[in-house]
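Read the structure below first, then the notes.
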Amino acid sequence: MKESKMPSNRNPDGMEEVDLLVCGAGAGGMTAALVARLEGLDVVLAEKTAQVGGTTSTSGGTTWVPGTHLSELAGVPDSVEDARAFLESVVANRGGARLREAFLTSGRAAIEELDRRTDVKFVAAAAHPDYLDGPGAAYGGRALGPVNFDGRLLSREDFERVRPPRGEFLGLGGMMVGRAEVGALLAPFASIANLRTTIAIVGGYMLDRLRYRRGTRLLMGNALVARLLFSLRKAKVPILFETGVKELIVEDGRVVGAVLEGAAGPRRIRARKGVVLATGGVCWNKALRARLFPQGTRDYALGPVTNTGDGADVAMAIGARFEDGGDSPALWMPCSSYRRPDGTLAVWPHIILDRAKPGLFAVDAKGRRFVNEANSYHDFAMGQIATGAIPAHLVCDAAFMRRYGMGMILPGARNLRAMVKAGYVIEAKTLTELAGKIQCDPVALAATVESYNRAAASGVDDEFGRGSSVVNRFNGDAASGGKNPCLGPVGAGPYYAMAVRPADLASSAGLSGDEFGRVLDEDGEPITGLYACGNDLASIFRGTYPGPGTTLGPALVFGWRVAKHAAGTLADSAGAMTDERKQNATL
101 MKESKMPSNR NPDGMEEVDL LVCGAGAGGM TAALVARLEG LDVVLAEKTA QVGGTTSTSG
161 GTTWVPGTHL SELAGVPDSV EDARAFLESV VANRGGARLR EAFLTSGRAA IEELDRRTDV
221 KFVAAAAHPD YLDGPGAAYG GRALGPVNFD GRLLSREDFE RVRPPRGEFL GLGGMMVGRA
281 EVGALLAPFA SIANLRTTIA IVGGYMLDRL RYRRGTRLLM GNALVARLLF SLRKAKVPIL
341 FETGVKELIV EDGRVVGAVL EGAAGPRRIR ARKGVVLATG GVCWNKALRA RLFPQGTRDY
401 ALGPVTNTGD GADVAMAIGA RFEDGGDSPA LWMPCSSYRR PDGTLAVWPH IILDRAKPGL
461 FAVDAKGRRF VNEANSYHDF AMGQIATGAI PAHLVCDAAF MRRYGMGMIL PGARNLRAMV
521 KAGYVIEAKT LTELAGKIQC DPVALAATVE SYNRAAASGV DDEFGRGSSV VNRFNGDAAS
581 GGKNPCLGPV GAGPYYAMAV RPADLASSAG LSGDEFGRVL DEDGEPITGL YACGNDLASI
641 FRGTYPGPGT TLGPALVFGW RVAKHAAGTL ADSAGAMTDE RKQNATL
């Protein structure tokens, strides 16, 4: 594949020179490069791999930004004031207030500008609640979903540059399917509507495969990445593929460029306005994982294996401060896995499809519940870490498995036998047999089922409060007929157990930065010429996980703020009437 060429700008010493050098083509880096170009800067985007998107491309793509015009268009207007109160209750006194305030005050302007000036398009979800209850929590409006994208609008070459979703989430070897479409595809002949949906999706995919390696109907994080790439190409931003950052160039205490390394060897580029680090966060950086991550969480990450913490390494080498992430160094997802026949690891993130449904519970090594299973994926995994339940087992009966499935076993359980044979799920005729297979106390497991069934009968989980929060009930099943949409009886066998372990989906730990995305040194002072955004910048939520898309929201907004600051249109002075304040005043 061809890659974009650098501008021919060279300074007197023969080095290539640009205004802004952005390292890393995930959502944060791509946004920073795009907005900087819209501001008139000479920009180059360097990406370590042959594809753009990083972790964003395999994510759901939901982007949490309060108070946008999109919430108003969706009929669920949201306010920054409510979001501020919500974050004050969630994050409390953990620090980072200045960065959160910058995020809140810039969010509307950032999303509005992307919507108006680029092909990066979102729609606010009318129903997608915050993950925690509290003052100012929202049921809809804050979670923005990327608009589906037709990959055929990209050149075939660029379409191949979009990192595909996880294989476990693709149907028929390369077809993306939305959550609301799964039911129709699993039961195509149940109704005319289901059949039409199936024909449209599967038929379109079959046509795609005549020309492409996978389907061109892009959804979720893949759609967001493709839209960013499409916009970057329109803006004529050069992208250097297979080119990673190896060293920062510092002169008189200022970062003036970077040494990049690719197939052709080292490449030195000067950057008049600065260097932006957006290389994907801690992810697979072995030294940082060993230093920060708790036992049982260091072996697997959901990001690409090429995300090795390069941004953190090069910044710390010149004296940048690195934060531990507050409550947690990472944001977590409980994942199940098994080895395919070819030796590769298949991994399934348990997001919303099974844990909150009535009739499933999770146990630790003693056979006892340890957490509210219907909480967000991060809070479920934090419960695992806090109690040492690594692995934990999700447990259900045959009726649950047929109705909802579990992990990679879809509703209807059509692939159940294959998954049992693969060792992905454990099957047993009795609870005593199941306890033996997962090596827990059979008496404790029986007592857990008895206690759980009492809670299901009453509709109240006195032990963990399952079904008591808005997000619990949203992800449960109101049509189940029980008193609580998240609680249902565990009945006759056979019974099933599936091991889940926490895997990090994003970093919370990261480079310390200020409200403009400038990286700070050990004394808390900005390092002139050095910015960070995305997972390279420490989370503004300090190890908490307030709602859906609270990684991508700050990534886009701080990418926007970094670009504006580098261009001089987002001034340091609080009293200056910046472009951001002008836009907010007129929106």
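Heads up, the sequence shown is in the numbering used here, so the first residue is 101 and it goes up one at a time.
Heads up, the beta-carbon is just placed ideally off N, CA and C, and yes, glycines get one too.
Less than 8 Å between the CB atoms is what I'm expecting for T316 and G251, so what's the real figure, rounded?
With 8 Å as the limit, T316 and G251 qualify as a contact, their Cβ atoms being about 4 Å apart.
Alpha carbon of A150 to alpha carbon of N635, nearest angstrom:
Approximately 20 Å, taken between the alpha carbons.
Apart from the five residues on each side of it in sequence, which residues of its chain come closer than 6 Å, Cβ to Cβ, to I159?
What sits at residue 159 in the sequence shown is Ser, not Ile. Around S159: G321.
Going by other Cβ atoms of all chains shown within 10 Å of its Cβ, with 16 needed for buried, is M482 buried or exposed?
Buried, because 16 or more other Cβ atoms sit within 10 Å of the Cβ of M482.
Nearest to D413 (by Cα), restricted to the options C435, P441, G381
Out of C435, P441, G381, G381 has the C-alpha closest to the C-alpha of D413.
Counted within 10 angstroms of its Cβ, other Cβ atoms place T678 as buried (16 or more) or exposed:
In this prediction, T678 has a pLDDT of 41, which is less than 50 and means its spatial position is unreliable; what the coordinates show is noted afterwards. Result: buried.
Just list the beta strand (DSSP E) runs in the region 206-264, keeping only unbroken ones of 3 residues or longer that don't cross its boundaries, in chain order.
Fully enclosed beta strand (DSSP E) runs of 3 or longer: 222-224, 243-246.
If you draw a straight line from the alpha carbon of I485 to that of T644, how long is it in whole angstroms?
Roughly 14 Å separates the two Cα atoms.
In terms of residue numbering, what span does the alpha helix (DSSP H) encompassing T343 cover?
For T343, there is no enclosing alpha helix (DSSP H); the residue is found in the beta strand (DSSP E) stretching over 343-351.
Assigned secondary structure, V463 (DSSP; H/G/I helix, E/B strand, else coil)
Residue state for V463 is assigned as strand, using DSSP reduced to three classes.
What are the start and end residues of the alpha helix (DSSP H) that includes W660?
Taken as a continuous stretch (DSSP letters only), the alpha helix (DSSP H) holding W660 covers 652-667.
Using DSSP's beta-bridge definition, name the partner residues of H493.
V463, A599.
With V337 as the anchor, note down where its beta strand (DSSP E) starts and where it stops.
Per DSSP, V337 is not a residue of any beta strand (DSSP E), being assigned neither H nor E.
Of all the options P338, A603, A663, G582, which has the alpha carbon lying nearest to the alpha carbon of R618?
When each option's Cα is compared against that of R618, the closest is A663.
D562 in three-state terms, based on DSSP:
In this structure, D562 counts as coil in the three-state DSSP scheme.
Taking S551 as the reference, which of A202, D541, R469 has the closest Cα?
In terms of CA proximity to S551, R469 leads the group A202, D541, R469.
Below 8 Å between beta carbons: does that hold for G357 and I339?
In terms of Cβ geometry, G357 and I339 do not form a close pair [threshold 8 Å].
How many Å lie between E213 and P288 at the Cα?
Going from the Cα of E213 to the Cα of P288 covers about 41 Å.
Starting from W448, follow its DSSP beta bridges and name the residues at the other end.
According to DSSP, W448 bridges with S436.
Candidates S608, L611, L510, F259: closest to R279 by CA position:
Relative to the Cα of R279, the nearest Cα in the group S608, L611, L510, F259 belongs to L510.
How close, in whole Å, do the beta carbons of G271 and V277 come, if the pair is a contact with beta carbons under 8 Å?
Yes, G271 and V277 are in contact; Cβ-Cβ is about 5 Å, under 8 Å.
Using DSSP with H/G/I as helix, E/B as strand and the rest coil, what is K102?
Note that K102 scores 43 on pLDDT, short of 50, meaning its location in the model is unreliable; the coordinates nonetheless yield the value given after this. Three-state DSSP puts K102 in coil, outside helix and strand.
Could you compute how far the alpha carbon of R517 sits from the alpha carbon of L670?
Straight-line measurement puts the Cα of L670 at about 59 Å from the Cα of R517.
Which residue from I640, A632, T650, L170 puts its Cα closest to that of W660?
Nearest C-alpha to W660: A632.
Taking the alpha-carbon positions, what's the V122 to R216 distance?
Going from the Cα of V122 to the Cα of R216 covers about 23 Å.
Opening and closing residue of the alpha helix (DSSP H) in which G483 lies
In this chain, the alpha helix (DSSP H) harbouring G483 covers 477-487.
Cα-Cα separation between S157 and D182, rounded to whole angstroms:
Near 30 Å, if we compare the C-alpha coordinates of D182 and S157.
Can you tell me whether V122 is helix, strand or coil according to DSSP?
Of the three classes helix, strand and coil, the one that applies to V122 here is strand, per DSSP.
Pull up the distance between the alpha-carbon of A522 and that of F461, whole angstroms please.
Cα-Cα distance, rounded: 22 Å.
Could you compute how far the alpha carbon of E116 sits from the alpha carbon of G362?
Within the model, the alpha-carbon separation for E116 versus G362 is close to 15 Å.
Complete runs of the alpha helix (DSSP H) confined to the region 117-178 [at least 4 residues]
As far as the region 117-178 is concerned, its whole alpha helix (DSSP H) runs of at least 4 residues are 127-138, 169-173.
Grouping DSSP H, G and I as helix and E and B as strand, with all else coil, what is G374?
G374 falls in the strand class under three-state DSSP.
Between the Cα of L199 and those of L637, A535, A667, R367, spot the shortest distance and give me the residue it belongs to.
Checked all of L637, A535, A667, R367; the closest Cα to L199 is L637.
Do A474 and A603 have their C-beta atoms within less than 8 Å of each other?
It is not a contact, given that the beta carbons lie outside the stated cut-off.
Proximal residues to E622 (C-beta, below 7 Å), its chain only, five neighbours per side dropped:
Non-local beta-carbon contacts of E622 in its own chain, meaning distances under 7 Å to residues more than five positions away in sequence, involve G419, R421 in chain order.
DSSP three-state assignment for P585, whether helix, strand or coil:
If DSSP states are grouped into helix, strand and coil, P585 belongs with coil.
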